[in-house]
Amino acid sequence: MTLQRIGTINTIAVEENKDIPPRKDIIQRRVEEIKRERLALQEGSIPDPREEHHVKFEMGGQVQYRLYPAGSYYCSQCKDLEKLYYREEDQILSRPCSCIQERQQLGRQRGWEKKLSSARLRRKFRKRTFANFETAPGNRIAYEAARDYAENFASYRQMGRSLIFLGDVGRGKTHLAAAILQEVLRQGYDGIFVVVIELLNEIRDSYERSNKRERDLLQVVKETDLLVLDDLAAAERFTEWERGKLYEIINARYEDENPIIITTNRTITWIEERLGEKVVGRLLEMSGDILPLDGEDYREKIAAEMRKGRKIEAFPLEGAR
Ligand SMILES: [Zn+2]
């Protein structure tokens with residue numbers, strides 16, 4: 221009798237002895253043995269032979285293995301074997317354990333959170349989605365337009381079409397902007413959400429401290445698929461430098477046909493007075509739609525803008541507040 225290792229499978233083949241079952245049967249028997257052992261382990265009728273074991277996680281697209289010591293498990297049901305064993309007639313069968321999906325879900329969740337963080341969407345804004353936006357007669361059209369924009373972002377992106385949400389504090393402008401951004405990120409685009417004053421401060425600091433990483437921020441806001449400029453013109457006044465920087469960003473996006481979503485509680489005229497005609501001119505050229513989230517007041521103001529000869533397609537409101 222000669223013993224021989226066959227292929228890469230560490231098993232034993234026996235030549236010239238017809239009484240010994242062929243290799244296939246040996247493997248089959250070993251498999252049955254393993255199944256019995258695993259079933260016994262899951263039933264708790266034998267102690268866990270492993271001193272420790274690893275469990276695989278994919279966190280945000282990266283594979284990680286976590287070490288679990290003897291007797292401790294991520295999933296107490298399958299004891300981290302990823303399959304559940306059961307007896308049917310005289311056979312031992314198995315089915316995948318639900319913990320696999322659970323871990324995948326967890327990994328996707330982490331990946332998603334990472335994505336939201338790199339889009340700079342703060343935690344409180346992450347809860348603002350289309351699903352929990354409360355529509356009212358004064359904001360329904362803005363809501364519908366926001367949904368349409370998000371759902372058809374691919375075409376709007378192509379057209380370089382921007383949106384401006386106008387309305388008083390608490391009307392849901394930021395909510396809609398955050399909801400659009402999240403939907404766009406879900407579609408695989410990248411985007412960034414910045415509060416205008418904070419963005420300008422950060423860029424200025426980065427120049428003063430000659431911080432390269434922060435200066436890259438300027439590049440990102442120019443180039444990302446979707447830029448949300450929250451609370452444009454919140455300040456009472458802007459310095460020459462701030463106006464220049466804002467124009468630089470908006471103009472860069474205008475030239476590359478990269479869309480912007482703007483939220484503001486100021487009127488177009490107010491913005492023009494503080495930020496200058498150049499900034500507003502670019503924004504109006506980029507924005508097919510100005511979406512008021514308020515009553516008659518804004519409709520009147522937009523009508524006035526249109527009378528001044530600007531091509532603004534304004535959504536009428538479904539009735540006053
Ligand atoms: Zn399990």
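So in my numbering, the last one in the sequence shown is 541, and the numbering has no gaps at all.
Cβ coordinates follow ideal geometry from the N, Cα and C atoms, glycine included.
Run the CB neighbour count on Ser-507, radius 10 Å, all protein chains shown included, and call it buried at 16 or more, exposed below.
-> Walking along the sequence shown from the start, residue 507 turns up at place 287. Buried, by the Cβ-count rule.
Taking all protein chains shown into account, do 16 or more other C-beta atoms lie within 10 angstroms of the C-beta of Pro-479, making it buried, or fewer, making it exposed?
-> Here residue 479 corresponds to residue number 259 of the sequence shown, with the count starting at 1. The residue is buried, with at least 16 neighbouring Cβ atoms inside 10 Å.
If we ignore side chains and look at the alpha-carbon of each, how far apart do Asp-274 and Val-283 end up?
-> The sequence position of residue 274 within the sequence shown is 54, counting from 1. The sequence position of residue 283 within the sequence shown is 63, counting from 1. It is His, not Asp, that sits at residue 274 in the sequence shown. Distance between the alpha carbons of His-274 and Val-283 is about 12 Å.
Among all the DSSP beta bridges, which residues are the ones paired with Ser-507?
-> Counting from one through the sequence shown, the residue named residue 507 turns up at place 287. Ser-382, per the DSSP bridge assignment.
On the three-state DSSP scale, how would you describe Asp-310?
-> On the sequence shown, position 90 is the one that residue 310 refers to. Coil at Asp-310, not helix or strand.
Collapsed DSSP secondary structure at Tyr-376 in the structure displayed = One-based indexing of the sequence shown puts residue 376 at position 156. Of the three classes helix, strand and coil, the one that applies to Tyr-376 here is helix, per DSSP.
Kindly examine ligand 1 and report whether one of its heavy atoms sits closer than 7 Å to the Cβ of Glu-263.
-> For the purposes of this step, residue 263 is taken as residue 43 along the sequence shown, with counting starting at 1. Outside the cutoff, so no.
Just mark Asp-425 as buried or exposed, buried being the case when its beta carbon has 16 or more other beta carbons within 10 Å.
-> Position 205 of the sequence shown, counted from the start, is the residue given in the question as residue 425. Counting Cβ neighbours within 10 Å, Asp-425 comes out exposed, since fewer than 16 surround it.
Sorry if obvious, but does the Cβ on Glu-278 come closer than 7 Å to a heavy atom of ligand 1?
-> On the sequence shown, residue 278 is found 58 positions in, with the first residue counted as 1. Answer for Glu-278: no, Cβ out of range of ligand 1.
Got a sec, what are the start and stop residues for the alpha helix (DSSP H) Phe-277 sits in?
-> Stepping through the sequence shown from its first residue, residue 277 is reached at position 57. That residue, Phe-277, is in no alpha helix (DSSP H); its beta strand (DSSP E) goes 272-279.
Three-state secondary structure (DSSP) at Tyr-305?
-> Taking the sequence shown and counting its residues from 1, one reaches residue 305 at position 85. Correct three-state label for Tyr-305: strand.
Where the alpha helix (DSSP H) containing Val-283 begins and where it ends | Looking up residue 283 in the sequence shown gives position 63. No alpha helix (DSSP H) contains Val-283, which is instead part of the beta strand (DSSP E) from 282-289.
Distance, Glu-456 Cα to Glu-493 Cα = Within the sequence shown, the letter at position 273 stands for residue 493. Within the sequence shown, the letter at position 236 stands for residue 456. Roughly 10 Å between the two C-alpha positions.
May I ask you to report which of helix, strand or coil DSSP gives Leu-449?
-> Mapped onto the sequence shown, residue 449 falls at position 229. Leu-449: strand per DSSP, three-state reduction.
On the three-pair Cβ rule with 8 Å, is the segment 407-419 touching the segment 434-454?
-> Touching, yes.
Collapsed DSSP secondary structure at Gly-411 in the structure displayed | The residue you call residue 411 lines up with position 191 of the sequence shown. Gly-411 falls in the strand class under three-state DSSP.
Cβ of Glu-302 within 8 Å of Cβ of Gly-380?
-> On the sequence shown, position 82 is the one that residue 302 refers to. On the sequence shown, position 160 is the one that residue 380 refers to. No, the pair does not count as a contact, with Cβ atoms beyond the cut-off.
Closest Cα partner of Cys-319 within the set Leu-261, Ala-356 and Ser-296 = Here residue 319 refers to the residue found at position 99 when the sequence shown is read from its first residue. Ranking Leu-261, Ala-356 and Ser-296 by Cα distance to Cys-319 puts Ser-296 first.
Nonlocal neighbours in the same chain, by C-beta distance under 6 Å from Ala-366, ignoring five residues either side = In the sequence shown, counting from the first residue as 1, residue 366 sits at position 146. Leu-396 and Ile-400.
Ile-254 burial status per 10 Å Cβ neighbour count (16 or more: buried) = Taking the sequence shown and counting its residues from 1, the one referred to as residue 254 is at position 34. Taking all protein chains shown into account, Ile-254 has fewer than 16 neighbouring C-beta atoms within 10 Å of its C-beta and is therefore exposed.
Say the cut is 7 Å; is the CB of Gln-297 nearer than that to a heavy atom of ligand 1?
-> Taking the first residue of the sequence shown as position 1, residue 297 is located at position 77. Because some heavy atom of ligand 1 lies under 7 Å away, the Cβ of Gln-297 counts as near it: yes.
Tyr-518 classed as buried or exposed, judged by whether at least 16 other C-beta atoms fall within 10 angstroms = Counting from 1 along the sequence shown, the entry for residue 518 is found at position 298. At Tyr-518, the pLDDT of 45 sits below 50, so the modelled position is not reliable; the number obtained from the coordinates is stated separately. That one is buried.
Report yes if the C-beta of Glu-456 is less than 7 Å from at least one heavy atom of ligand 1; otherwise report no.
-> If you number the sequence shown from 1, residue 456 lands on position 236. Outside the cutoff, so no.
Local conformation of Arg-163 per DSSP, three classes | Since the displayed the chain opens at 221 and closes at 541, residue 163 lies outside it and no answer follows.
Which term fits Glu-516, buried or exposed, when burial requires 16 or more other beta carbons within 10 angstroms of its beta carbon?
-> The count along the sequence shown starts at 1 and reaches residue 516 at position 296. Because the pLDDT of Glu-516 is 42, which lies under 50, any placement of that residue in the model is unreliable, and the number read from its coordinates should be weighed accordingly. Residue environment for Glu-516: exposed (fewer than 16 other C-beta atoms within 10 angstroms of its C-beta).
Give the straight-line distance between the Cα atoms of Gln-321 and Arg-315, rounded to the nearest whole angstrom.
-> Within the sequence shown, numbered from 1, the residue matching residue 321 stands at position 101. Within the sequence shown, numbered from 1, the residue matching residue 315 stands at position 95. Near 13 Å, if we compare the C-alpha coordinates of Arg-315 and Gln-321.
Is it the case that the Cβ atoms of Arg-429 and Ala-453 are separated by a distance below 8 Å?
-> Numbered from 1 along the sequence shown, position 209 holds the residue referred to as residue 429. Numbered from 1 along the sequence shown, position 233 holds the residue referred to as residue 453. Contact flag unset, no.
Going by DSSP, which residues form a beta bridge with Ile-481?
-> Taking the first residue of the sequence shown as 1, we reach residue 481 at position 261. Per DSSP, Leu-383 and Val-448.
Check whether the Cβ of Glu-302 lies closer than 7 Å to any heavy atom of ligand 1, and answer yes or no.
-> As a working note, residue 302 is residue 82 in the sequence shown. For ligand 1, at least one heavy atom lies less than 7 Å from the Cβ of Glu-302.
Inspect the beta-carbon positions of Asp-450 and Phe-413 and report whether they are closer than 8 Å.
-> Here residue 450 refers to the residue found at position 230 when the sequence shown is read from its first residue. Here residue 413 refers to the residue found at position 193 when the sequence shown is read from its first residue. Cβ distance < 8 Å, so Asp-450 and Phe-413 count as in contact.
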